[in-house]
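Participant: Residue numbers (my numbering): 249 to 490.
Note that CB positions come from ideal geometry on N, CA and C, so glycine has one too.
I have a structure I would like to understand better, so I am pasting it below and will then ask my questions one at a time.
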Ligand code: GLP
């Protein structure tokens, strides 16, 4: 696993966006699995700009959302559905058949897990997965103590996630359960990027890179990935030994 550091959030975002474009150049029908949240927000802006400026042909790419809050409407501004639609799919006019997002209002979460799992399998797996990191080390909604062998699953959200997650919503919102790509798909993705910015993430990043590998801190599992890179703003890398 490589660790790359960048001076500021803009440089980090630009670098991740460039890796996304390189991925398309190396495989035009790449399958991307994308996180939502504040970490990749600027990355997606840079990606849209790069793609438009350079006429990158992404028409064969498939985009899968990493996770979703169960019980939250797709059109709620705090949903992952809304985030990826507004920041990636609408600006790029991604064809509906090339985009897969969890339905937070599903009446049948198990079937929803199966739908997304099947879509990934039919497209021959994830080529590049881009994840942020929760304050408790979660990846997607793979919370502390998660079982590694899940492909797509429903989770009870950790209290840290329920509290931190309020930042995405205009009003206090009950966040009890999530639906997420599991660590098994994460580990099987041909490449993985974990990105983090800001000093608030410095402690959990240090645990991720220097602590014991354990599902108690799910992000440490990235060290078992064959082709992963952790891309950090310097502020998030502040506690690392090197
Ligand atoms: C959220 C999301 C994750 C995200 C992580 C970090 O709860 N479900 O997909 O990567 O936590 O979020 P942020 O980038 O806003 O810090």
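To the nearest angstrom, how far is the alpha carbon of residue 422 from that of residue 319?
Facilitator: 9 Å
Participant: With a threshold of 7 Å on Cβ separation, who are the neighbours of residue 332 within its own chain once the five nearest residues in sequence on each side are excluded?
Facilitator: 282, 284, 313 and 349
Participant: What does the alpha-carbon distance come out to for the pair residue 384 and residue 410?
Facilitator: 11 Å
Participant: According to DSSP, is residue 473 helix, strand or coil?
Facilitator: coil
Participant: Going by DSSP in three states, residue 467 sits in which element: helix, strand or coil?
Facilitator: For residue 467, the three-state secondary structure derived from DSSP is helix.
Participant: My output table needs one value for residue 311: the three-state DSSP class, helix, strand or coil.
Facilitator: strand
Participant: What does DSSP give as the partner residues of residue 281 in its beta bridges?
Facilitator: 312 and 377
Participant: One question on the structure: do residue 400 and residue 429 come within less than 8 Å of each other, judged by their Cβ atoms?
Facilitator: It is a contact, given that the beta carbons lie within the stated cut-off.
Participant: So, under 8 Å CB-CB, residue 245 and residue 341 are touching, yes? Tell me the CB distance rounded to an integer number of Å.
Facilitator: Past the edges of the chain, shown from 249 to 490, lies residue 245, and the structure says nothing about it.
Participant: Distance, Cα to Cα, residue 390 vs residue 431?
Facilitator: 7 Å
Participant: In the DSSP assignment, find the beta strand (DSSP E) that holds residue 439 and state where it starts and stops.
Facilitator: 439-444
Participant: CB-CB under 7 Å to residue 365, same chain, minus the five flanking residues each way: which ones, in chain order?
Facilitator: 399 and 400
Participant: Go through its chain and collect everything with a Cβ distance to residue 405's Cβ below 7 Å, but skip five positions before and after it.
Facilitator: 389, 391, 423, 424, 425 and 426
Participant: Between which residues of its own chain and residue 412 is the CB-CB distance below 6 Å, once the five residues before and five after are set aside?
Facilitator: The answer, listed in chain order, is 383.
Participant: Between the beta-carbon of residue 456 and the beta-carbon of residue 462, is there less than 8 Å?
Facilitator: no
Participant: Compute the minimum distance between the beta carbon of residue 349 and the heavy atoms of ligand 1, and state whether it is under 7 Å.
Facilitator: no
Participant: Measuring only the C-alpha atoms, how far is residue 488 from residue 296?
Facilitator: As the crow flies, the alpha-carbon of residue 488 is around 32 Å from that of residue 296.
Participant: Kindly examine ligand 1 and report whether one of its heavy atoms sits closer than 7 Å to the Cβ of residue 234.
Facilitator: Residue 234 cannot be examined here, being either before or after the span of the chain that is shown, 249 to 490.
Participant: If we call anything under 8 Å between Cβ atoms a contact, is residue 381 one with residue 442?
Facilitator: Yes, the Cβ-Cβ distance between residue 381 and residue 442 is below 8 Å.
Participant: State the CB to CB distance for the pair residue 329 and residue 352, rounded to an integer number of angstroms; the pair is presumed to be in contact (CB under 8 Å).
Facilitator: 7 Å
Participant: Between which two residues does the alpha helix (DSSP H) holding residue 423 run?
Facilitator: First-last for residue 423: undefined, no H or E at that position.
Participant: Which word fits residue 360, buried or exposed, when buried means at least 16 other C-beta atoms lie within 10 angstroms of its C-beta?
Facilitator: buried
Participant: Flag residue 312 as yes when its Cβ comes closer than 7 Å to any non-hydrogen atom of ligand 1, and as no otherwise.
Facilitator: no
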